[in-house]
Amino acid sequence: MKKDIDDYLNEGIYGIKETKASERKEFLGTLRERTILALTEGEVVQQKGLKQLEEAMKSYPDASLRFSGEVTMRFFKPYKTLASSRHIPYTSVTNQGADVDIALVLHVDHAIDKPDIFLHEEKEQEKATEITKKTEHSITSVLKNIFKR
Numbered sequence: 001m002k003k004d005i006d007d008y009l010n011e012g013i014y015g016i017k018e019t020k021a022s023e024r025k026e027f028l029g030t031l032r033e034r035t036i037l038a039l040t041e042g043e044v045v046q047q048k049g050l051k052q053l054e055e056a057m058k059s060y061p062d063a064s065l066r067f068s069g070e071v072t073m074r075f076f077k078p079y080k081t082l083a084s085s086r087h088i089p090y091t092s093v094t095n096q097g098a099d100v101d102i103a104l105v106l107h108v109d110h111a112i113d114k115p116d117i118f119l120h121e122e123k124e125q126e127k128a129t130e131i132t133k134k135t136e137h138s139i140t141s142v143l144k145n146i147f148k149r
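Residue numbers (full-length UniProt numbering): 1 to 149.
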């Protein structure tokens with residue numbers, strides 16, 4: 001019984017012990033295993049992921065949306081409009097105490113362990129940029145070789 005009282009006092013002094021605190025900071029107060037879709041600050045500013053977010057909201061009507069309080073709220077307007085139209089509750093999370101790049105998280109209150117929670121567009125764009133750079137490098141090499149002679 002004494003241990004319970006000590007635990008209660010410690011919680012009162014230091015706060016409730018939180019599991020996976022760093023993961024919760026990264027995912028705006030929720031866990032990775034509960035996340036359906038996460039957008040970075042850059043994606044939100046560029047208004048990316050609206051189509052994927054709408055599809056995810058259709059698949060998970062019991063989901064909730066979290067916005068980072070570190071990002072200017074005007075960038076979230078289309079996401080808020082979408083959430084309202086789908087009756088998805090949303091909230092802004094501030095003071096995470098961590099320097100994270102995630103600005104928006106669609107999540108549920110139970111574990112779903114979705115393997116891919118980030119946008120595919122960004123990965124495809126990075127690949128395209130890499131291919132373009134390689135092609136430009138190859139053309140430059142060919143031209144240099146021609147003019148060396």
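The beta-carbon is built from N, C-alpha and C at its ideal position, and this holds for glycine as well.
Close beta carbons around residue i, own chain, < 8 Å, minus the five adjacent residues each side
| i | result |
| --- | --- |
| Ser141 | none |
| Ser64 | Ile88, Pro89, Tyr90, Thr91, Leu106, His107, Val108, Asp109 |
| Pro61 | Arg86, His87, Ile88 |
Beta carbon of residue i nearer than 8 Å to that of residue j
| i | j | result |
| --- | --- | --- |
| Arg66 | Gly29 | yes |
| Leu82 | Glu54 | yes |
6 Å CB neighbourhood of residue i in its chain, flanking five on each side removed
| i | result |
| --- | --- |
| Phe27 | Thr35, Val105 |
| Gly49 | Leu39, Glu43, Leu119 |
Rounded Cβ spacing between residue i and residue j (contact assumed at less than 8 Å)
| i | j | result |
| --- | --- | --- |
| Val71 | Lys25 | About 15 Å; that fails the 8 Å criterion. |
Environment of residue i [buried if 16+ CB atoms lie within 10 Å]
| i | result |
| --- | --- |
| Met57 | buried |
| Ile5 | exposed |
| Ser22 | exposed |
| Ile117 | buried |
| Ser68 | buried |
7 Å CB neighbourhood of residue i in its chain, flanking five on each side removed
| i | result |
| --- | --- |
| Lys17 | none |
| Lys20 | Leu31 |
Worksheet item: Quick one: any contact between the stretch 77 to 89 and the stretch 111 to 120, if contact means 3 or more CB pairs under 8 Å?
Response: No contact exists between the stretch 77 to 89 and the stretch 111 to 120.
Item to complete: Count the C-beta pairs between the stretch 88 to 95 and the stretch 31 to 47 that are closer than 8 Å, then say yes if the count reaches three, no if not.
Response: The stretch 88 to 95 makes no contact with the stretch 31 to 47, as fewer than three CB pairs between them are under 8 Å.
Worksheet entry | Stretch-stretch touch, CB-based, cutoff 8 Å, three pairs: the stretch 33 to 52 with the stretch 98 to 107 | They touch, by the three-pair rule.
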